[in-house]
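Here the structure comes first, spelled out in structure tokens, and everything after it is commentary.
Residue numbers (this note's numbering): 697 to 920.
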């Protein structure tokens, strides 16, 4: 693994889910790259070749969320979708065409645990006590992601107020995508389940006492 790739994996969860996926054709080979195991390097190669756009990538992730979180097994991993994600993707596609990418995260969809402030989406930490709470500003990490060209796609369910139980009064119980009768662990359970189910390229969680480490183990993904 190159140093550049390692650097961009820091603080994120990587999906290794092997279920049903929507295929994306890679520019550098005749092989099909799946959403569930494509790396940022693979996605950027497809961007560079013109075989994939950020807009299309966002559409594919939204379709998966519809199929597996809102319908189907109803994983309950996603609380809020960014209604500006597609428009942001179009803007970033045009920026890439004119000026090139800002960083390896340019046009890459990212999902956030719902205790990370976003000025354009609610932040409730999974609690009805904070229902409708809209922060005045983005968290520092969100500012850095947006500055790098990442697309904030969704806010994710979590153990309420980052407790150990993998449910919240806002989103209900979160289901493990590998076995919906099992827990995805917590408190970043929504992030773990969402990345395992390939709802975004990267996911951000938080950890004080195992809240990233538990979900990475339970969902078969890697976390840093």
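Don't be surprised by glycine CBs; every beta carbon is placed ideally from N, CA and C. Note that the structure is a prediction, hence the values are computed from the model and not measured.
Extent of the continuous beta strand (DSSP E) run through residue i
i	result
residue 759	Where residue 759 is concerned, there is no enclosing beta strand (DSSP E), although the alpha helix (DSSP H) it sits in stretches over 750 to 761.
Coil, strand or helix - residue i by DSSP
i	result
residue 834	coil
residue 843	helix
residue 811	coil
residue 660	Beyond the ends of the chain as shown, which are 697 and 920, falls residue 660; an answer cannot be given.
residue 860	coil
residue 908	coil
residue 792	helix
residue 895	coil
residue 735	coil
residue 745	helix
residue 771	coil
residue 827	coil
residue 886	helix
residue 798	coil
residue 877	coil
residue 820	coil
residue 765	helix
residue 725	Legend: pLDDT at residue 725 = 38, less than 50; position of this residue unreliable, no value from coordinates given.
Residues bridged to residue i (per DSSP)
i	result
residue 850	777 and 807
Terminal residues of the alpha helix (DSSP H) in which residue i lies
i	result
residue 899	Premise fails: residue 899 lies in the beta strand (DSSP E), 898 to 900, not in any alpha helix (DSSP H).
Of the listed residues the options, nearest to residue i (C-alpha basis)
i	options	result
residue 869	920, 886 and 917	886
residue 836	856, 910 and 814	814
residue 804	736, 732 and 871	736
residue 859	900, 785, 822 and 898	822
residue 785	770, 771 and 806	806
residue 812	853, 914, 746 and 770	853
residue 666	770, 831 and 849	Because the chain here runs from 697 to 920, residue 666 falls outside it and cannot be looked at.
residue 923	914, 920 and 895	Because the chain is modelled from 697 through 920, residue 923 falls outside the range shown and cannot be assessed.
residue 849	857, 795 and 838	838
residue 761	731, 738 and 742	731
Quiz item: Is there contact here, the region 757 to 768 with the region 888 to 901, by at least three beta-carbon pairs under 8 Å?
Solution: yes
Exercise. Determine contact between the region 843 to 851 and the region 749 to 761, defined as no fewer than three beta-carbon pairs at a distance below 8 Å.
Key: yes
Quiz item: On the three-pair Cβ rule with 8 Å, is the region 791 to 798 touching the region 875 to 884?
Solution: no
Exercise. Mind the definition here: the region 858 to 874 touches the region 765 to 784 only if three or more C-beta pairs lie below 8 Å; say whether that holds.
Key: yes
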